[in-house]
Structures are given as C-alpha cells and as structure tokens.
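Trainee: Numbering (the numbering used here), first residue to last: 587 to 656. Even glycine gets a Cβ: it sits at the ideal position worked out from N, Cα and C.
#1: State the CB to CB distance for the pair residue 611 and residue 653, rounded to an integer number of angstroms; the pair is presumed to be in contact (CB under 8 Å).
#2: Just to confirm, are residue 592 and residue 623 a CB contact at a threshold of 8 Å?
#3: The ligand ATP heavy atoms versus the CB of residue 614: any closer than 7 Å?
#4: Whole angstroms are fine: how far does the CA of residue 635 sit from the CA of residue 617?
#5: Here's the rule: buried if 16 or more other CB atoms are within 10 angstroms of the residue's CB, otherwise exposed. What is residue 600?
#6: If the criterion is Cβ atoms closer than 8 Å, does the pair residue 596 and residue 625 meet it?
Laid out in structure tokens, this is it:
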C-alpha cells in the first residue's frame, strides 16, 4: 500500500500550513510508516492511505517518489 505523509521538518516548531511537506511511503500499514520515520526529526501531521483515483492523481505528479519500508 502507498501512504502519503504530511509533515513539518522540525517537530519542536508549531505547525504552519505553508511549511507542510509530504512524502510517499510503501508499507503494509500506517504503523510501519510511522516506525520507518521515527528516527527523522519530523512532526508528522497525517498519514493518509492512497488508493484508486487519488493514487493515480498523485502518481501523475512530478514530485512522486516512493520510499519503501523493508
């Protein structure tokens, strides 16, 4: 499954919408995604499962690059 993760670069700053970034992770569950990212200094706002038309839309983006949890 592919998940889109919305996050802030620094977990100690107040989240600001304009500073929100995203990345894509292939994993079996949201728990695996969060475990994969735990060593990074991210303030994770949302982990969203992508499927169907939403996934196709994201795949068409030039910024679409998937990390894999192993």
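Mentor: Here's the rundown:
#1: 5 Å
#2: no
#3: By its list of ligands, the structure shown contains no ligand whatsoever, and the ligand ATP lies outside what it can speak to.
#4: 12 Å
#5: exposed
#6: no
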